[in-house]
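Chemist:
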Amino acid sequence: MTTTLEEVWDLFKQVAQSQQKTDRLLQETDLQLQETDRLMREQSQETDRRFQETDRRFQETDRRFQETDRRFQASVTENEKVLQRLSKQIGDLGGTWGLFVENLVAPACETLFLERGIPVHQVSQRIKKRKEGDTLEIDILVLNQEHSLVVEVKSRLSVADVQEFITDLQRFRHFFPEYAQNQLYGAVAGIIIDEGADRYAYRQGLFVLAQSGEAIALLNNDEFQPKAW
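Heads up: take any position in the sequence shown, counting from 1, add 10, and you land on the numbering used here.
Here you go:
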């Protein structure tokens, strides 16, 4: 079968059309690839921007943490200085306050114990005696020819204070043999007295002195009989 010139020409036209279609598809594909590349670049740039922003925020957070830590350390240092000063002031006040309370109680002893039939010839404060490597401290010592009366003074009196004082009373004659023949009594005094501490001291045979207004009063009733230690 002989192919005519017209058939060959139609075939060329079909090939040309097919090529044009292929070129068009290639162009569209290229455009799509370009668009995809553009979108990927934009996403990469956005991701990079977000990473940079996140890194910047982390750096800012770290800077704030460092500043907070610096301020915290400075605050701790300042608080330690304040506490040291406060501790020293409290210590100084404790000694001054203790002496004030003793000076309040000591003058009252003469009248209060005289009313209970114990003459007072001498009142001494803050007596410290050392013997055989041990020490006994007495806040107030009331004396006459027949009696020795030891007074323990506390700004706040507790049951534990009373118990400790009884132990000191039992050591008194060892440290003060010069008063060995005297009848030994004990008394506790407190500006503030914990609940039960006064009753406990009373049952142990101790005089109990407390603040009453601007004066010092003896809390023991008339039936009270002091214990001779």
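Glycine included, C-beta positions come from ideal geometry on N, C-alpha and C.
Cα separation between arginine 183 and leucine 151?
Modeler: 13 Å
Chemist: If I follow the unbroken alpha helix (DSSP H) through isoleucine 176, where does it start and stop?
Modeler: 169-185
Chemist: Would you mind sorting aspartate 208 into buried or exposed? The rule is 16 or more other CB atoms within 10 Å of its CB.
Modeler: buried
Chemist: Assuming contact is defined by CB atoms lying nearer than 9 Å, are alanine 199 and lysine 237 in contact in what I supplied?
Modeler: No, they are not a contact pair.
Chemist: Who are the near neighbours of glutamate 147 in its chain, counting only those whose CB is closer than 6 Å to its CB and skipping five residues on each side?
Modeler: Lys138
Chemist: Given this structure, state the Cα-to-Cα distance separating valine 111 from serine 222, to the nearest angstrom.
Modeler: 13 Å
Chemist: Out of Gln135, Ala116, Val169 and Asn192, which has the shortest C-alpha to C-alpha gap to glutamine 214?
Modeler: Val169
Chemist: With a threshold of 6 Å on Cβ separation, who are the neighbours of glutamate 162 within its own chain once the five nearest residues in sequence on each side are excluded?
Modeler: Asp149, Phe175 and Val198
Chemist: Helix or strand or just coil, what does DSSP make of alanine 197?
Modeler: Reduced to three states, the DSSP call for alanine 197 is strand.
Chemist: Among Leu49, Lys31 and Leu228, which residue has its Cα nearest to the Cα of leucine 219?
Modeler: Leu228
Chemist: Taking arginine 166 as the reference, which of His131, Phe68 and Ile202 has the closest Cα?
Modeler: Ile202
Chemist: Serine 158 bridges to which residues according to DSSP?
Modeler: DSSP, once it has assigned bridges, lists Leu153 and Leu194 as partnering serine 158.
Chemist: One question on the structure: do valine 130 and asparagine 154 come within less than 9 Å of each other, judged by their Cβ atoms?
Modeler: yes
Chemist: What does DSSP give as the partner residues of phenylalanine 123 in its beta bridges?
Modeler: Beta-bridge pairing links phenylalanine 123 to no other residue.
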